[in-house]
Amino acid sequence: MKILIIEDDKDIANFLKRGFEELHYTIEISNDGEEGEYLSIINKYDVIILDWMLPKKNGIEILNNLRQKNIFTPILMLTAKDAVEDKITGLKTGCDDYLSKPFSFEELEARVTSLYRRSSQMSNIMEFSNLKVNLDTKEVLKDNSIINLSIREYELLLLLIKNKNSYISKDTIEEMLYSNEEFLNSNVIQVTIYNLRKKVGKELIKSFRGIGYKIEI
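Take a look at the structure:
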């Protein structure tokens, strides 16, 4: 499990780091809000432990910004605040769990493990717009009805979803999906995109001449 700890108290951050590393987790630490938010955006973590009060940018701001960017990494907030109103604020903003200081490492570890398990179970099903993709069965549903995709169409859809909101070039698609093809028709990617658009909805897949394709969520 890879965890990001955003905590300005270095003693607490290092204490948590040592505890989780003894459990063989991979830990990264940030001691201010701006850096913590940046790391949360550019890297993939299984869980983020986020302090409420931070220099440069507080935890609620970070939480709100991440959710607005469609980053739904499980987040557990740490805070000295114990008021019911503060807990409600955090939960409404999108945090997944909440722990008031002081706390025991054992309780924190149990909550983090629970968040990770819950997230792992949910991550096998991806939902956006009117589509649902089951990664276990490889079924794709549109408006709750199964649509039949070819292997290449399914692989292309997954590639676009995993890189949502970013253009993927034709060269990248060719390298990722067709690297084992000895002879490749020059328009095979355009044809696959065309067929995929017909099945999932033309408006879902955006194109930009000379740049590539993307799914905008």
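Here the working numbering = 1-based position in the sequence shown + 18. The C-beta atom is built at its ideal place from N, Cα and C for all residues, glycine as well. If you're wondering where the values come from, they're calculated on a predicted model, not measured in any experiment.
Alpha carbon of residue i to alpha carbon of residue j, nearest angstrom
i, j, result
"D114", "T91", "9 Å"
"L34", "F123", "7 Å"
"L117", "L94", "7 Å"
"K28", "S132", "25 Å"
"L41", "D69", "22 Å"
"G37", "L222", "44 Å"
"I89", "N142", "16 Å"
"I164", "E157", "7 Å"
"L159", "E125", "39 Å"
"N162", "M144", "13 Å"
"L149", "N32", "42 Å"
"G112", "Q208", "39 Å"
"A128", "R135", "11 Å"
"V206", "G77", "47 Å"
Boundaries of the beta strand (DSSP E) in which residue i is found, first to last residue
i, result
"S48", "44-48"
"L117", "115-118"
"G230", "230-233"
CB of residue i within 9 Å of CB of residue j, strictly
i, j, result
"L84", "I59", "yes"
"K75", "E46", "no"
"D64", "I21", "yes"
"L72", "D50", "yes"
"I179", "V151", "yes"
"K232", "K188", "no"
"I186", "G230", "yes"
"I67", "V130", "yes"
"I236", "S147", "What the structure shows of the chain is the stretch from 19 to 235, and residue 236 is not part of that stretch, so it cannot be assessed."
"K119", "L96", "yes"
"S225", "I211", "yes"
"E55", "E39", "no"
Other residues of its chain near residue i: CB distance less than 6 Å, five sequence neighbours each side excluded
i, result
"L195", "E173"
"T44", "K20"
Beta-carbon proximity list for residue i, same chain, < 8 Å, skipping 5 on both sides
i, result
"L214", "L167, E171, L174, L175, I223"
"K62", "K20, T91"
First and last residue of the uninterrupted alpha helix (DSSP H) at residue i
i, result
"I79", "The question names Ile, yet the displayed sequence has Glu at residue 79. Counting along the chain, the alpha helix (DSSP H) containing E79 begins and ends at 77-86."
"N162", "First-last for N162: undefined, no H or E at that position."
"E193", "188-195"
"E52", "51-60"
"K20", "K20 -> not in any alpha helix (DSSP H); beta strand (DSSP E) instead, spanning 20-24."
Residues near residue i by beta carbon distance below 7 Å, same chain, minus five either side
i, result
"D26", "N49, D50, D69, L72, P73"
"S57", "Residue identity differs from the one stated: residue 57 is Leu in this sequence, not Ser. Cβ neighbours of L57 beyond the five flanking positions: L22, E46, S48."
Inset, instruction - Spell out a yes or no on whether the segment 163-180 and the segment 204-222 are touching, meaning 3 or more CB-CB pairs, one atom from each, closer than 8 Å. - result: yes
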